[in-house]
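Asker:
Residue numbers (the working numbering): 19 to 353.
(1) On a CA-only basis, which of 67, 266, 303, 241 is nearest residue 48? Give me that one, please.
(2) Hey, is the segment 277 to 286 in contact with the segment 222 to 241, meaning 3+ C-beta pairs nearer than 8 angstroms?
(3) Looking at the unbroken beta strand (DSSP E) that takes in residue 238, where does it start and where does it end?
(4) Would you mind stating whether residue 315 and residue 21 have Cβ atoms separated by less than 8 angstroms?
(5) Mapping DSSP to helix, strand and coil, what is residue 166?
(6) Label residue 254 either buried or exposed according to how many other C-beta atoms from any shown protein chain fall within 10 Å of its C-beta, with 16 as the threshold for buried.
(7) Do residue 302 and residue 51 have their C-beta atoms closer together than 8 angstroms?
(8) Considering just the uninterrupted stretch of the alpha helix (DSSP H) at residue 307, what are its terminal residues?
(9) State the start and end residues of the unbroken alpha helix (DSSP H) segment that holds residue 78.
(10) May I have the straight-line CA-CA distance separating residue 263 from residue 225, to the nearest angstrom?
(11) Whose CA, out of 28, 32, 37, lies closest to the CA of residue 271?
(12) Which residues bound the beta strand (DSSP E) around residue 64?
(13) Check the C-beta distance from residue 61 over to residue 161 and give it rounded, since I have them as a contact under 8 angstroms.
(14) Which first and last residues belong to the beta strand (DSSP E) in which residue 334 is found?
(15) Are the segment 71 to 78 and the segment 292 to 300 touching by the rule of at least three beta carbon pairs closer than 8 angstroms?
(16) Roughly how many angstroms lie between the CA atoms of residue 42 and residue 56, to the nearest whole one?
(17) What did DSSP end up calling residue 274 once you bin it into helix, strand or coil?
(18) Cα separation between residue 279 and residue 26?
(19) With H, G and I counted as helix, E and B as strand and the rest as coil, what does DSSP make of residue 229?
(20) In the DSSP assignment, what are the bridge partners of residue 384?
(21) Just to confirm, is the Cβ distance from residue 258 to residue 40 under 8 angstroms?
(22) On the three-state DSSP scale, how would you describe residue 316?
(23) Quick check on DSSP: helix, strand or coil for residue 37?
(24) Per DSSP, which residues does residue 28 bridge with? Please list them.
(25) Is residue 254 helix, strand or coil when you go by DSSP?
(26) Residue 310: which of 276, 72, 339 sits nearest, CA to CA?
(27) If we call anything under 8 angstroms between Cβ atoms a contact, is residue 249 one with residue 281?
(28) Count the other C-beta atoms from every protein chain shown that fall within 10 angstroms of the C-beta of residue 166, then say buried if there are 16 or more, exposed otherwise.
(29) So what does DSSP say about residue 160, is it helix, strand or coil?
(30) State buried or exposed for residue 151, treating a residue as buried only when at least 16 other CB atoms are found within 10 Å of its CB.
(31) When DSSP builds the beta bridges, which residues end up paired with residue 21?
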């Protein structure tokens, strides 16, 4: 089966593709190239960067912001900014404080302090990423959403968020009861903070719970969500990816393929190139051994940086359409 045939699309339902791996293996290039190629195939595509160190805009060479923007026909992009997401909540909170009674201000000031703390705490980026995931998951506005994820540890925390949120909703029910009268003034910012005896509260919580349950189903549905692991032919990348795959499988995520990036060609009359090629061939054999149930595809090492839409599409055609890489000629290289 050709590598491009591993994409599965569902009529009227969004397909989700997570691209992940160790830092520095080229996840953003693969994500950008994949999104460009899918858009070229006529799929309405959204590429989302969940990495706090955003490089999606650098890769595509277009400005990308906190909200989805159209890059070209069928292609939209967004770089999630946790600071901006938290700032929006803070602005809504300040507006609420300005129109609240003196009795409620103490609770609102406390919540403002907590939000300041949350904005700088570890995991704020995963919270923002998960909120975007929930919004695009429930809208089915796009045919496919490609997630350019943060390095492995961040990604595993993001994908465990449905379980965390499920537990958190239950705790929120207790919290709103303890907040008492202050909860009324928070309902426009956090719907579940409504009054205890308000029927709308139960309905909001039920809807949130349903969204979380749906997210868990979608993430574990191989017909809608898959994970593509990007590695380079080096031991550290291979072993970290092996551990990540085991963790993903425990979260019921399907890793359908492994993309080996930066594969060195065997160039004649270049001892350095030949030595690197021989070493990488051993690592490629190790990759085949470590990932027997995944489709393995190779992306060559290019002589220049792969950035800009033309070069990224060339990468995509090599990866998904088996186009020959004609960049490296089998000629002598003087080092």
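Beta carbons are placed, not taken as given, at the ideal position from N, Cα and C, and that holds for glycine. The structure presented is a predicted model; accordingly, all values stated were derived computationally and were not measured.
Answerer: Walking through what the data contain:
(1) Translated into the one-based positions of the chain shown, residue 48 becomes position 30. For the residues 67, 266, 303, 241, the minimum Cα distance to residue 48 belongs to 67.
(2) no
(3) Taking the first residue of the chain shown as 1, we reach residue 238 at position 220. Premise fails: residue 238 is in no beta strand (DSSP E) and is neither H nor E.
(4) In the chain shown, residue 315 corresponds to position 297, counting from 1. In the chain shown, residue 21 corresponds to position 3, counting from 1. Their beta carbons are under 8 angstroms apart, which means residue 315 touches residue 21 by this criterion.
(5) Translated into the one-based positions of the chain shown, residue 166 becomes position 148. It is a strand residue.
(6) Translated into positions along the chain shown, residue 254 becomes position 236. Exposed: under 16 other Cβ atoms inside 10 Å.
(7) Your numbering for residue 302 matches position 284 in the chain shown. Your numbering for residue 51 matches position 33 in the chain shown. Not in contact: residue 302 and residue 51 (Cβ atoms no closer than 8 angstroms).
(8) The residue given as residue 307 occupies position 289 in the chain shown. Counting along the chain, the alpha helix (DSSP H) containing residue 307 begins and ends at 289 to 308.
(9) As a first step, residue 78 must be located in the chain shown, where it is residue number 60. Residue 78 -> alpha helix (DSSP H) spans 74 to 78.
(10) Residue mapping note: residue 263 aligns to position 245 of the chain shown, counting from 1. Residue mapping note: residue 225 aligns to position 207 of the chain shown, counting from 1. Near 32 angstroms, if we compare the C-alpha coordinates of residue 225 and residue 263.
(11) Here residue 271 corresponds to residue number 253 of the chain shown, with the count starting at 1. The option with the nearest alpha carbon to residue 271 is 37.
(12) The residue given as residue 64 occupies position 46 in the chain shown. Unbroken beta strand (DSSP E) run through residue 64: 63 to 67.
(13) Residue 61 sits at position 43 when you count from the first residue of the chain shown. Residue 161 sits at position 143 when you count from the first residue of the chain shown. Right, their Cβ atoms sit about 4 angstroms apart.
(14) One-based indexing of the chain shown puts residue 334 at position 316. Counting along the chain, residue 334 falls outside any beta strand (DSSP E), though it belongs to the alpha helix (DSSP H) covering 327 to 339.
(15) no
(16) If you number the chain shown from 1, residue 42 lands on position 24. If you number the chain shown from 1, residue 56 lands on position 38. Straight-line Cα distance between these residues: approximately 24 angstroms.
(17) What you label residue 274 is simply residue 256 of the chain shown in a count that begins at 1. Residue state, collapsed to three classes: strand.
(18) Working through the chain shown from its first residue, we reach residue 279 at position 261. Working through the chain shown from its first residue, we reach residue 26 at position 8. Their backbone Cα atoms lie some 23 angstroms apart in a straight line.
(19) Translated into the one-based positions of the chain shown, residue 229 becomes position 211. Correct three-state label for residue 229: helix.
(20) It is not possible to answer for residue 384, since the shown part of the chain is limited to 19 through 353.
(21) Here the question's residue 258 lines up with position 240 in the chain shown. Here the question's residue 40 lines up with position 22 in the chain shown. Taking 8 angstroms as the Cβ cut-off, residue 258 and residue 40 qualify as a contacting pair.
(22) The residue you call residue 316 lines up with position 298 of the chain shown. Residue 316: strand per DSSP, three-state reduction.
(23) Locating residue 37 in the chain shown gives position 19, counting from the first residue. Residue 37: strand per DSSP, three-state reduction.
(24) By 1-based counting over the chain shown, the position of residue 28 is 10. For residue 28, which the question treats as bridged, DSSP gives the partners 31.
(25) Sequence index remark: in the chain shown, residue 254 carries index 236 (1-based). DSSP places residue 254 in helix when its eight states are reduced to three.
(26) Sequence index remark: in the chain shown, residue 310 carries index 292 (1-based). Comparing Cα-Cα distances from residue 310 to each of 276, 72, 339, the minimum goes to 276.
(27) Counting from one through the chain shown, the residue named residue 249 turns up at place 231. Counting from one through the chain shown, the residue named residue 281 turns up at place 263. Cβ atoms of residue 249 and residue 281: not closer than 8 angstroms.
(28) Position 148 of the chain shown holds residue 166. Per the 10 Å Cβ criterion, buried.
(29) The residue you call residue 160 lines up with position 142 of the chain shown. Coil, per DSSP.
(30) Along the chain shown, one-based indexing puts residue 151 at 133. Classification for residue 151: buried.
(31) On the chain shown, position 3 is the one that residue 21 refers to. In the DSSP output, where bridge partners are listed per residue, residue 21 has none listed.
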